[in-house]
Every structure is written in structure tokens, then in C-alpha cells.
DNA sequence: ACCTATGTTGATAC
DNA sequence: GGTATCAACATAGG
């Protein structure tokens, strides 16, 4: 489920439950999830250390350690963080810290598109979608001829918005996903930013990007929760897109 | 069986 | 440079 709201919940969970616990062992055997590290590299770097802080920008998380490298975590498409739970019986724990006190932190990810690695390069990640300033939003979103939906999902422009959240945001803002981003007037961009922030705030509170009002209608036969019009389905920026043709322009 | 779908990201080709 | 497409992964469903 992971978009920005899920990542924030995961970060908060790590902050509340995993900091300051001494790491006794690390399971970094999955060479795909832990690429480019060889098995044992992350383990060697983190054994005996503690996580000291948990950070997030967009969907990316990283933890500082006491004297060691930074640990980067990404939930991919199906990942979540499980703390002090029994190991997943199907082997879906792709990476884990085992604490000296007997507990553990696992990156549990059926589909294996999540990541765990050391000392990440975050240079190509835009500012967090929930924190971005008005001026920066105008500049980063509004100066591209690409479809609005694709621009909002471009993690190098602004970080954190995924496929479910973006459809909800554009529906709230009554904007068409295919409209060119640079067609929007400054006031429209400011208004859009308000909806971005509100959608993120609501989703974090309610538990995830799937809790948006539009989400239950993203299916054949789905209707606009406001006006009742049949939703349209299409492909924008390579992703399945649902919108209200009557209201969103 | 085979085709499609799925919350992400990166490489690649134009 | 930007934009679109495909592939990486694994599973579910028609």
C-alpha cells in the first residue's frame, strides 16, 4: 500500500519502537532487496549499533545510527515494517534487524520491490509533498508540459505521491489528470497544493492512501462521490487512472 | 493455460 | 531534457 502516508506511519513506528535498541544481528541475505550490497555487508556495518533517529522524505525512509552508516528503507509496492512480530512464515521478511533484547524489525514485502541499503543518495528526490512551499510547488509542478498526473507522481519533482493518492488529489481539486501542468494559473497551482496537503493529512490520519473518498469507486461501475457521474478509466503516465469526466477539467 | 491486473522505481529509447 | 515504455518482483483473478 505504500505511498507517503504509509511511509510516514512506518517511520513513526520505527521512531516509537525501534530506536535505541542494540542490534545483535542483521538478515541481509536477499541480494535483490539489499542491492548493491553483498550479503553480510549491512550486517557487518550495523551489528552492535543502535538506530538513533528515523527520517522520511516522500516514500523514502532512513535511520541514523550511533557512529555507523545510515540505513535506508523503502517499502516498494507491497512492503511494510513489522516490529517485534514472529518471522513471516512464507519468507516475506526480506530484511530484518534482530535486537539484543530478542525483538526484531522486519521489512515484510511479498512482492520484493522494497529496498534496504546503506548511505542512500537522496539527491534526485524532490521536496516532500506535504512540506513543499508554495513557491517551490509553483516552480516544480507548474513548469512542465507533461500531464498533471504524471508530474505530481514524479518523485524528483516532489516526493511522496503515488497512483491512488494522485487520483484522489485531482478529484478533490476538480482537475483533469491529462491537463498540461504548465497550463495552470498560479492561483490554480496554489489551490492544488492545498488539496495535496489536505489529502496527505487525511490519509495519514485514516491510515493510508487507500482511505481516500475516491478509492472505493476506482472499479468498473464506480461513480463520482459528489455528483454521481460514472467515473472514467484511462491510462495516464503509464498508470491506470480514474476520474470524473463531469467535474474534472 | 494465458492474459490481465496491482499501491514503485529504474533503465532505456526516442 | 523530457517523456513514454518496459522490466524488475510476486501474486491474484478472469
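Residue numbers (our numbering): 108 to 356.
Heads up, the beta-carbon is just placed ideally off N, CA and C, and yes, glycines get one too.
Keep in mind the model is a prediction, meaning the values are calculated, not measured.
Going by Cα to Cα distance, which pick from the options is closest to residue i?
{"i": "residue 238", "options": "129, 293 and 266", "result": "266"}
{"i": "residue 209", "options": "190, 164 and 139", "result": "190"}
{"i": "residue 246", "options": "289, 351 and 221", "result": "289"}
{"i": "residue 205", "options": "293, 343 and 157", "result": "157"}
{"i": "residue 262", "options": "164, 274 and 282", "result": "164"}
{"i": "residue 116", "options": "139, 354, 141 and 168", "result": "168"}
{"i": "residue 216", "options": "226, 202 and 207", "result": "202"}
{"i": "residue 166", "options": "296, 137 and 270", "result": "270"}
{"i": "residue 144", "options": "223, 231 and 353", "result": "223"}
{"i": "residue 253", "options": "227, 291 and 278", "result": "291"}
{"i": "residue 301", "options": "244, 339 and 348", "result": "244"}
{"i": "residue 242", "options": "287, 286 and 299", "result": "299"}
{"i": "residue 170", "options": "146, 151, 122 and 188", "result": "122"}
{"i": "residue 330", "options": "314, 313 and 353", "result": "353"}
Within a Cβ cutoff of 7 Å, which residues of the same chain sit near residue i, ignoring the five residues on either side of it in sequence?
{"i": "residue 332", "result": "320, 321 and 324"}
{"i": "residue 310", "result": "112, 272, 316, 318 and 319"}
{"i": "residue 226", "result": "176 and 177"}
{"i": "residue 346", "result": "270"}
Should residue i and residue j be called a contact, given that it needs their Cβ atoms to be closer than 8 Å?
{"i": "residue 256", "j": "residue 234", "result": "no"}
{"i": "residue 178", "j": "residue 185", "result": "no"}
{"i": "residue 148", "j": "residue 134", "result": "no"}
{"i": "residue 211", "j": "residue 139", "result": "no"}
{"i": "residue 236", "j": "residue 275", "result": "no"}
{"i": "residue 180", "j": "residue 126", "result": "no"}
{"i": "residue 129", "j": "residue 207", "result": "yes"}
{"i": "residue 296", "j": "residue 355", "result": "no"}
Please work out which residues of its chain come closer than 8 Å, Cβ to Cβ, to residue i, disregarding the five sequence neighbours upstream and downstream, and give them in chain order.
{"i": "residue 264", "result": "233, 247, 248, 251 and 258"}
Alpha carbon to alpha carbon, how far is residue j from residue i? Give it in angstroms, no decimals.
{"i": "residue 360", "j": "residue 154", "result": "In this structure the chain extends from 108 to 356, so residue 360 is not present and cannot be described."}
{"i": "residue 337", "j": "residue 327", "result": "9 Å"}
{"i": "residue 176", "j": "residue 308", "result": "31 Å"}
{"i": "residue 281", "j": "residue 182", "result": "30 Å"}
{"i": "residue 351", "j": "residue 343", "result": "14 Å"}
{"i": "residue 230", "j": "residue 195", "result": "34 Å"}
{"i": "residue 162", "j": "residue 279", "result": "29 Å"}
{"i": "residue 142", "j": "residue 340", "result": "36 Å"}
{"i": "residue 335", "j": "residue 348", "result": "18 Å"}
{"i": "residue 159", "j": "residue 152", "result": "15 Å"}
What does DSSP give as the partner residue(s) for residue i in the beta ladder?
{"i": "residue 179", "result": "169 and 224"}
{"i": "residue 357", "result": "Residue coverage of the chain in this structure runs from 108 to 356, which leaves residue 357 outside it and unanswerable."}
{"i": "residue 350", "result": "339"}
{"i": "residue 314", "result": "DSSP, once it has assigned bridges, lists no residue as partnering residue 314."}
Go through its chain and collect everything with a Cβ distance to residue i's Cβ below 6 Å, but skip five positions before and after it.
{"i": "residue 137", "result": "201"}
{"i": "residue 268", "result": "236, 259 and 260"}
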